[in-house]
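Protein chains in written order, with my numbering: chain S, 2 to 450; chain F, 420 to 872.
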């Protein structure tokens, strides 16, 4: 890795990087040694383990991790492997008073201590207690997620997540709950999938139908390990602080109509990045405001209506200044594999991770979080959906998914010497590759001459 | 291979551990292809599969394919199943032929492997050496009704290799049994994970909890050089009889007449093996044939005597095996590397697992039940593929076993698993398997529990 790549400013210059990280089987194996066991990974949401004994398993490559609420105020994580002969202990998620191995009936309590070895006297006292307990894994929470790290010497989660954590704290992600969650397999490397969602330079090429509502010029920033990006109008006359965010006026001569149409379209074709409250408040704009109201006034009225409507049903918006909101943009990439597209009351989250050791396969998950009135949180399950299933994914994500295997395919061609990421709009992609190279010791982006 | 592997006692009474490399490493799986499979005796098929001259079976193990053929009424031959011309695999599956014909360029071989036709042989102008033309022979022998092959020309004789198991099982006359059923499938685990699930019964409480109401499943296990065997035991001394170590155990409960009948019925229905219709029927009659309060040993003796008489009446004569010898044999033997035989007087349940290609995470698994039948009433069977979740085909007990396969493979791959803790009394079969494997592959093996390396 060269020094130039270490400097954040270098991303202003055009950079390129090669395809090895996406297509090499050796690289995929090395990720299993150098990346995944060293990083903080979100394993599940806290809401998935509300009661003592609730557990979730999280599998990453060869490792399988058991996350359990071991006390009312404590979540524990262990390697999900029976100490006896290595059977994966628990499967999926559920509730247990203790963990029972379905091979030889060994048992562990919720703290991972062995509480039963069948016929223990057969060993004549030779079983070392430290060989018997489930091996602990580092665990912490932030943003309503449970995070794990297999490296006992890792830095604290909060430190790892900065500055993303402080920037997103005001959004109170921990108060959001699942609205829906779906997953599927992609025929591409997990990084191809992540990189499709951490930039919005692709909107014109991938979602051309959205261009009638707004421009999709974007800015992007690197934030140490992480990065984020936001929208921007190409036309300075349309620029407002909301233009940086998912709550934008869009283009057109009548902001009352453009906001209403954009909201309706996004809700229908993405089923995320807005809420029913926003869509309804936007639909009332033409009735509530006279023609010719300036865009900033329309926007202020719209936000105030939505905020009031939500408050009336028990959803109190977090206090976020327009300046902070603008600065936070529309989406964050938390290294390595969480993308969060956030709003006042919602977030659209993506995760991709390897599916076995094949660099051409990944598991992709999307989840929409939202603030709900207390007691009205929906019960959800992860639903499997093929990437071509428009009924389940809606049209916009299916458009994104259509790029996955095609990018993987193209990058494998000897006719592709390396990428040309946009130095202004795709810094999250460049920064992702740069940080990956720091873990992997190979493949850093280089200045493109 | 660790030095410790060789200093442990033959009986393996010490608590030991072993690592996961043999189960998960691709390099190890490849090394097995060089150091293990070409060096060991492997059962390729049953003698009954090739009764007539010209009947043949092929047996594939990793990159090798072996052709077994009855080349004369009293002779079975085995060759590498590869045409000498350009290396096409010669025969596929099993069947009957008068000569072996290559479907690529029509070269032909007789049943003893001699080339009998090279198309346009004159094109070579006499340069074809006869030594290059014949099918290359593989060592072959029979024992227990199986045909065994060995690719090592200098291997020890089959019988020597199989001792002391061969001597111990001789009285069971396995060679007189015939297939009752045979099924196979693929597992997402290493072949050794599959074998090790069947060469110990310490797993019954965890894997088959529904069986605990019939009997305790404490077990003992013993090493036999390359091989090993194990048997049952009742934890409660008062319930023990000489048959407690075997499949003919009275089990637990107040009334052995009832416990034998219910356990036999359950096993026949949910395993479809390790007993026979004769034994089940004779057990069902026990409550009507014996008064309440008959001691377990007498109930068992009466049951076995009835079953023996019933079998004799239909032409199945039981081998002569003393209760002491049966108890010594226990309920199953592991023949290194990949044959497990669970046996009784008139039946055996056999398992085999072998690699499926070079992926350490895949194997081919086969189960077969062989049984004594009246002459002429042997059923016709074929290998039937059945998915591991198919309860109808495999019955519930084996499906429970199969559920552990991919989970063990998955767990062993985790960095959170430092090595196994095999039970020093009940799982010596597993430890001994790992020790002998290390002797062949030169890597892995046992370490005393608590030692650093």
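We put the CB at the ideal spot given by N, CA and C, even for glycine. Note that the structure is predicted; figures quoted are calculated from it, not measured.
**Asked** Where does residue 142 of chain S sit, in a helix, a strand or coil, going by DSSP?
**Response** strand
Notebook entry, point to check: From S:384, S:191, S:315, pick the residue whose C-alpha is nearest to that of residue 23 of chain S; which is it?
Noted result: S:191
Subject >> Sequence-distant residues of the same chain with beta carbon closer than 8 Å to residue 652 of chain F, five excluded per side >> reply: 635, 637, 638, 639, 659, 663, 664
*Nearest-angstrom Cα separation, counted from residue 632 of chain F out to residue 654 of chain F*: C-alpha separation (whole angstroms): 13 Å.
Inset, instruction - Taking residue 31 of chain S as the reference, give the member of S:169, S:355, S:179 with the closest Cα. - result: S:355
Secondary structure of residue 649 of chain F, DSSP reduced to three states = strand
- prompt: Within this structure, are the beta carbons of residue 271 of chain S and residue 397 of chain S separated by less than 8 Å?
  reply: yes
Practice item. Let me know the secondary structure DSSP gives residue 349 of chain S once reduced to three states. Key: strand
Check your understanding: Are there 16 or more other CB atoms within 10 angstroms of the CB of residue 50 of chain S, so buried, or fewer, so exposed?
Key -> Its Cβ being crowded by 16 or more others within 10 Å, residue 50 of chain S is buried.
(request) Pair every Cβ in the segment 745-761 of chain F with every Cβ in the segment 430-447 of chain S, then say whether three or more of these pairs are closer than 8 Å. (result) Verdict: no, contact absent.
### Message
Let's see if you can read the secondary structure: which residues bound the alpha helix (DSSP H) around residue 262 of chain S?
### Response
256-270
- Message: Can you tell me where the beta strand (DSSP E) holding residue 867 of chain F begins and where it ends?
- Response: It spans 865-867 - the beta strand (DSSP E) in which residue 867 of chain F sits, taken as one unbroken run.
Of the residues S:197, S:281, S:253, S:27, which one's Cα is nearest the Cα of residue 1 of chain S? Lying before the first or after the last residue shown, residue 1 of chain S is absent from chain S, which here runs from 2 to 450.
- request: From the DSSP output, in three-state form, read off residue 761 of chain F for me.
  value: strand
For the segment 429-448 of chain S, which residues have a beta carbon sitting closer than 9 Å to at least one beta carbon of chain F? Within the segment 429-448 of chain S, no residue has its Cβ closer than 9 Å to any Cβ of chain F.
### Query
Assuming residue 433 of chain S contacts residue 336 of chain S under a Cβ cut-off of 8 Å, what Cβ separation, rounded to an integer in Å, is found between them?
The pair is a contact, with the Cβ atoms about 7 Å apart (cut-off 8 Å).
Please state if the CB of residue 827 of chain F and the CB of residue 87 of chain S are separated by a distance shorter than 8 Å. yes
Next on the checklist: Please tell me whether residue 840 of chain F has its Cβ less than 8 Å away from any Cβ of chain S.
Outcome noted: yes
key: Burial state of residue 448 of chain S, where buried means 16 or more other Cβ atoms lie within 10 Å   = exposed
Residues of the segment 65-86 of chain S in Cβ contact with chain F at a cutoff of 9 Å, in chain order, please.
65, 66, 79, 80, 81, 82, 83, 84, 85, 86
Exercise. Apart from the five residues on each side of it in sequence, which residues of its chain come closer than 7 Å, Cβ to Cβ, to residue 734 of chain F?
Worked result: 793, 794
- How would you label residue 855 of chain F, buried or exposed, when you count the other beta carbons within 10 angstroms and need 16 or more for buried? buried
Determine whether the Cβ of residue 439 of chain F lies closer than 8 Å to any Cβ atom of chain S.
Yes, residue 439 of chain F counts as interfacial toward chain S.
Check: Does the pairing of the segment 201-219 of chain S with the segment 383-395 of chain S give three or more beta-carbon distances under 8 Å?
Finding: no
(Q) Against residue 255 of chain S, what residues of chain F qualify as contacts under a CB-to-CB distance less than 9 Å, listed in chain order? (A) Residues of chain F whose Cβ lies closer than 9 Å to the Cβ of residue 255 of chain S do not exist; the shortest such Cβ separation is about 58 Å.
- Query: In three-state DSSP terms, what is residue 163 of chain S?
  - Reply: coil
* How is residue 448 of chain S classed by DSSP in three states: helix, strand or coil? -> strand
*Determine whether the Cβ of residue 831 of chain F lies closer than 8 Å to any Cβ atom of chain S.*
yes
- request: Take residue 697 of chain F and list the residues in its own chain whose beta-carbon comes closer than 6 Å to its own, dropping the five residues that flank it on each side.
  value: 726, 729, 730
- Query: Which ranges would you report for the beta strand (DSSP E) in the segment 505-585 of chain F if only whole runs of at least 3 residues count?
  - Reply: 513-515, 534-536, 558-562, 565-569
(message) When you compare the CB of residue 807 of chain F with every CB in chain A, is at least one pair closer than 8 Å?
(response) Among the protein chains in the structure shown, which are S and F, there is no chain A.
Item to complete: Leaving aside the five residues before and after residue 676 of chain F along the sequence, list all residues of the same chain whose C-beta is less than 6 Å from its C-beta, in chain order.
Response: 705, 706, 709, 718
Please determine, among F:650, F:569, F:715, the residue with the shortest C-alpha to C-alpha distance to residue 670 of chain F. F:715
Judging by CA-CA distance, which residue of F:599, F:841, F:723, F:625 is the nearest neighbour of residue 786 of chain F? Residue 786 of chain F has its Cα closest to that of F:599, out of F:599, F:841, F:723, F:625.
Less than 8 Å between the C-beta atoms of residue 113 of chain S and residue 135 of chain S, yes or no? yes
- Query: If we cut at 8 Å on Cβ distances, does residue 606 of chain F have a partner in chain S?
  - Reply: By this cut-off, residue 606 of chain F is not an interface position.
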